[in-house]
Structure formats: structure tokens, C-alpha cells
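All remarks here apply to the structure that follows.
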Amino acid sequence: MTVRSARALAAATAALLTLGGLAACSSGDGGGSDPDRVDVVAAFYPLQFLAEKIGGDAVAVTSLAKPGAEPHDLELNPRQVGQVADAELIVYLAGFQPAVDEAVEQNGGKRAFDVAGVQPLLDAAAGGHQHDGEAGHEEESGGKDPHLWLDPTRLATVGDRLAERLGRVDPDRAADFTARAAALRTELTGLDADYTRGLATCQRREIVTSHTAFGYLAEHYRLEQVGITGLTPDAEPSPQRLVEVAEEAREHGATTIFFETLVSPKVAETVAREVGATTAVLDPIEGPPADGDYLSAMRANLQTLRTALDCS
């Protein structure tokens, strides 16, 4: 266990112990607070997006990860643990957020829906290079990459399964959930087609990223990811790793080094200066976009990639 995961686990355990004092406002039976809607707790933004799109007005969705906060290191306060205990459905991704895993283990029971169980997760090295000594979230997730939502076809399948699960919670509206999941699948299929066409003919196919979050996207669209750090976005790369990435960027003629929205761009800027490249945002969509939603953020990523890779 890493120091980061131990810290998050300790925080979650403390919150669980404190939860006993919240009995007056938390029944712990997953009964929900709104009799007309299914109370859903989503661990972080892409799962919130799915639950809201598929649930519609029939669900009340609470996200544990707040806007502007990096979700990997989420620590739950007692109120959030109470939300997990009271939710009628908990949508999470096992191995991504240790504090959420602990809360689900203690309070989730049969109300938990683990999206990591819908399809096998890719190995952390999928979609690009893997280097000895890369620090990252792979230590916490068993060597698996959790960022499956960056492949819209995988997200569509998760949506289908989520609709089935919501239908078991609220059978009277099961057909509505299925219909909304089908509509979302149509949107995601269109997004996938846009990516396939948009990245079909590019001068380069290597993307140099500060955070190794784009393995699913890279594998699905035949790109190659060169990650400066591992799966944890705030990991500090070694000087040797920075030299290696700079060499690879030069070798592939990279003109853009990508960084993301929720962490400092300093590491990407360091590599960019070294190789004479520019920097640009490639959003892993771990938190809600400043404007729009998952679909618009993915299309913004596509345009960024097309520009950086000189796609015709």
C-alpha cells in the first residue's frame, strides 16, 4: 500500500468511526430520502454523468468528488460516509478511490454497483510506453488503468449495465432507464465515429501527456501514449524520466506536450521547453468540465488532438 492510499484509508476509517454519531440523520438502510426518486451516490464525475443521463428525473444524484478537486485522493467526511450508507444505489469504480472502496465495503452491501466489473480493465501499460520506476496509481489498482470512460464505447456498455441495475431498484421505471441508456449509446456511438474519422489521418500518432490517463483512448484509436508520470496525476517524475520523455518527444517530432485541468502544468512545461514544443490541455474528464459535459469535453479533446497531431 502506498503512502497516499494509506492516508486515504485512514481518513475513511476515521470517518466511519465518526459515523456512529450521525445515527439521527443516517439510517444506514439505503432507504433514500426522496420517495419519488432513486437516491444515487456517484463516486466521481463520469459516473455522475452516466447516472444523471440514464436516470433522468427519476434519480437524485450526489457526487462524492467535488468540482475542481482531484478525485484520486478523495477523503470522505462523515456526512459523505452517511450519504453512502443511505443511498439506494452507489456507483463507483473499485481501486480508483481507496476511501470510497472502504466506505462501500463497510456500508454498501448489495447497493453497490462497481463499474470496473462491467468489462475487464486494461493493464496500466496499455496504449503506450511503460517505464521502470514510473510512480503511479497502478500500485493502488493492481496494475490496472481505471480511466475506462475515455473510450466512449466502453462507457456505453457501462451505461447499459447501469440502466439494468437502476431497473432492479425501481422496476416501475425500468423501461425508461433502458430507453435513456439506448439514447446515450447513440450519442456515444456518434462520438466514437467522430474520433475514428478525426484521427484516421494524422502526421503523428504519439501523445506526450503529463498524466498517464489516456490508455483506453490511445488503444481504441491507434495512438501511442508517452506518459511523463504514471496513473496518479500528482506523482513527481524523476530527472531521468524527464530526460527520457524529452528524448522520446524529439524522436517522434512531438510539437505539443499535454497537461490536464486539475493539476499543475509545470512538469509538462518543463518538457515542452526542453524540446521546443508548446503545451495544451488534454482533459482526462475526472472532474466536471468548466463548460458543458462529458460529451462536449471529449469533443474538445478531439479538436486538441487533431491540432497537435496535424490530422487532415
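If you're matching positions, the sequence shown starts at 1 in full-length UniProt numbering and goes up one per residue.
From the three backbone atoms N, C-alpha and C, an ideal C-beta is built for every residue, glycine too.
Note that the structure is a prediction, hence the values are computed from the model and not measured.
Using beta-carbon positions only, say whether residue i and residue j come within less than 8 Å of one another.
| i | j | result |
| --- | --- | --- |
| Gly292 | Gly68 | no |
| Leu76 | Ala103 | yes |
| Pro289 | Trp149 | no |
| Asp39 | Ala60 | yes |
| Pro239 | Val267 | no |
| Leu89 | Arg165 | yes |
| Leu74 | Gln97 | yes |
| Gly298 | Leu191 | Here the sequence assigns Met to residue 298, which means Gly is not the residue at that position. Yes, Cβ-Cβ distance for Met298 and Leu191 is below 8 Å. |
| Gly198 | Arg79 | no |
| Ile54 | Arg154 | no |
| Leu217 | Asp151 | yes |
| Glu248 | Val226 | yes |
| Gly143 | Ala124 | yes |
In three-state DSSP terms, what is residue i?
| i | result |
| --- | --- |
| Glu88 | coil |
| Glu187 | helix |
| Val158 | helix |
| Ser296 | helix |
| Thr307 | helix |
| Glu286 | coil |
| Ile207 | strand |
| Ala60 | strand |
| Asp101 | helix |
| Leu302 | helix |
| Thr278 | strand |
| Gln225 | strand |
| Ala124 | coil |
| Val263 | coil |
| His256 | The identity of residue 256 in the sequence shown is Thr, whereas the question assumes His. Looking at Thr256 - three-state DSSP - the assignment turns out to be strand. |
| Val118 | coil |
| Phe96 | coil |
| residue 322 | Any answer about residue 322 is impossible in this case: the structure gives the chain only from 1 up to 312. |
Please confirm whether any heavy atom of the ligand FMN lies closer than 7 Å to the CB of residue i.
| i | result |
| --- | --- |
| Thr255 | Within the structure as shown, the ligand FMN is missing, as the structure has no ligands at all. |
Whose C-beta lies closer than 7 Å to the C-beta of residue i among residues of the same chain, with five residues either side of it excluded?
| i | result |
| --- | --- |
| Phe49 | Asp293, Tyr294 |
| Ser63 | Ala42, Phe44, Tyr45, Gln48 |
| Cys311 | Gly198, Leu199, Thr201, Cys202 |
| Arg111 | Gly30, Ala87, Glu88, Leu89, Ile90 |
| Phe113 | Leu89, Ile90, Val91, Leu162, Arg165 |
| Ser27 | Reliability of the predicted coordinates at Ser27 is poor, the pLDDT of 48 falling under 50, and no value is obtained from them. |
Tell me which residues share the same chain as residue i and place their Cβ nearer than 8 Å to its Cβ, disregarding the 5 neighbours each side in the sequence.
| i | result |
| --- | --- |
| Arg185 | Ala156, Gly159, Asp160 |
| Glu269 | Ile257, Phe259, Thr279 |
| Arg222 | Leu199, Arg205 |
| Gly117 | Ala94 |
| Glu187 | Leu295 |
Out of the options, which has the shortest C-alpha to C-alpha gap to residue i?
| i | options | result |
| --- | --- | --- |
| residue 316 | Asp73, Asp145, Asp101, Pro171 | The chain is shown from 1 up to 312; residue 316 falls before or after that span and cannot be answered. |
| Ile257 | Pro237, Val281, Ser238, Asp170 | Val281 |
| Ala277 | Asp283, Val245, Ile285, Ala300 | Val245 |
| Asp145 | Pro120, Gly190, Ser296 | Pro120 |
| Glu273 | Asp36, Leu242, Leu302 | For the record, residue 273 in the displayed sequence is Arg; it is not Glu. Ranking Asp36, Leu242, Leu302 by Cα distance to Arg273 puts Leu242 first. |
| Phe259 | Arg222, Thr279, Leu188, Ala51 | Thr279 |
| His72 | Ile228, Glu52, His147 | His147 |
| Asn301 | Tyr195, Gly108, Glu70, Gln83 | Tyr195 |
| Pro265 | Ile228, Ser296, Ile285 | Ile228 |
| Pro261 | Asn107, Thr189, Ile285 | Here residue 261 turns out to be Thr, not Pro, going by the sequence shown. The shortest Cα separation from Thr261 among Asn107, Thr189, Ile285 belongs to Ile285. |
| Val81 | Gly108, Glu70, Ala182 | Gly108 |
| Pro35 | Val169, Phe214, Ala99 | Val169 |
| Arg37 | Asp172, Ala182, Val115 | Asp172 |
| Gly51 | Val115, Gln303, Gln83 | Note that residue 51 is Ala in the sequence shown here, rather than Gly. Measuring from the Cα of Ala51, the nearest candidate turns out to be Val115. |
Within a Cβ cutoff of 6 Å, which residues of the same chain sit near residue i, ignoring the five residues on either side of it in sequence?
| i | result |
| --- | --- |
| Leu309 | Cys202, Arg204 |
| Gly167 | Ala174, Phe177 |
| Glu105 | none |
| Ser296 | none |
| Gly56 | Arg180 |
Problem - Stretch-stretch touch, CB-based, cutoff 8 Å, three pairs: the region 200-211 with the region 233-252 - result: Taking 8 Å as the limit for Cβ pairs, the verdict is that the region 233-252 does touch the region 200-211.
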